[in-house]
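Numbering (the numbering used here), first residue to last: 2 to 193.
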């Protein structure tokens, strides 16, 4: 009975630590991508946040790898290094979450300003900014930050340029969209 419980514990430790390795490596890789490739939204993310993300998730992946090794080859020195690294990683993540909660108003304002900037700079082409906004519209079934009227003057002028990804959404109501964005004077724009 004791041996089967020990085997089950090792199997669970391996499974959970493999999950930590995958999550840590994936998020660390995404942060490295943001630093190196500089996608359109990269300018909106503070530099320190990128490197903190790389460090935290790199440690999480390393701790997960050390946990897998500890479960497969149980040694006291591995266990003695695994436990403090996991505690430090969890404490760091908790501290980050607490600081985001405490500064939630600032975080919300910063994200809102970034979103407004993306909307103002929306170009009706295949550049990264337009692609990012189109993905957000489709994924969250929305159009703009408050409504589709947020795109006023995005392409210049006093017309409402509605992106293709907003067409036939619930916020707009029924529309007749063509493959390219169309213009509506503000007096004729549909309001809900």
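Glycine is no exception: its CB is placed at the ideal position from the N, C-alpha and C atoms.
Only a predicted model underlies this, so the values are computations on that prediction, with no experimental measurement involved.
Can you give me the C-alpha to C-alpha distance between residue i and residue j, rounded to a whole angstrom?
i           : j           : result
residue 137 : residue 144 : 9 Å
residue 104 : residue 167 : 32 Å
residue 102 : residue 112 : 14 Å
residue 9   : residue 32  : 34 Å
residue 115 : residue 19  : 35 Å
residue 66  : residue 25  : 10 Å
residue 139 : residue 119 : 16 Å
residue 11  : residue 164 : 53 Å
residue 51  : residue 3   : 46 Å
residue 74  : residue 86  : 18 Å
residue 92  : residue 76  : 24 Å
residue 54  : residue 48  : 10 Å
residue 94  : residue 100 : 10 Å
residue 141 : residue 15  : 36 Å
On the DSSP bridge assignment, give the partners of residue i in chain order.
i          : result
residue 24 : For residue 24, which the question treats as bridged, DSSP gives no partner whatsoever.
With a 10 Å radius around its C-beta and 16 neighbouring C-beta atoms as the bar for buried, classify residue i as buried or exposed.
i           : result
residue 13  : exposed
residue 96  : exposed
residue 88  : exposed
residue 21  : buried
residue 108 : exposed
residue 134 : buried
residue 23  : exposed
residue 68  : buried
residue 6   : exposed
residue 37  : exposed
residue 64  : buried
Within its chain, find whatever has a CB closer than 6 Å to the CB of residue i; leave out the 5 residues flanking it on each side and keep chain order.
i          : result
residue 71 : 79, 80, 83
residue 28 : 58
Classify residue i as helix, strand or coil using the three-state DSSP reduction.
i           : result
residue 39  : coil
residue 51  : helix
residue 6   : helix
residue 74  : coil
residue 56  : helix
residue 19  : helix
residue 144 : coil
residue 84  : helix
residue 103 : helix
Between residue i and the ligand SAH, is there a pair consisting of the residue's CB and a ligand heavy atom that are separated by less than 7 Å?
i          : result
residue 55 : Ligands are entirely absent from the displayed structure, and the ligand SAH is therefore not among its contents.
Using C-beta distances below 8 Å, list every residue in its chain close to residue i, excluding the 5 sequence neighbours before and after it, in chain order.
i          : result
residue 46 : 35
residue 90 : 57, 60, 61, 64
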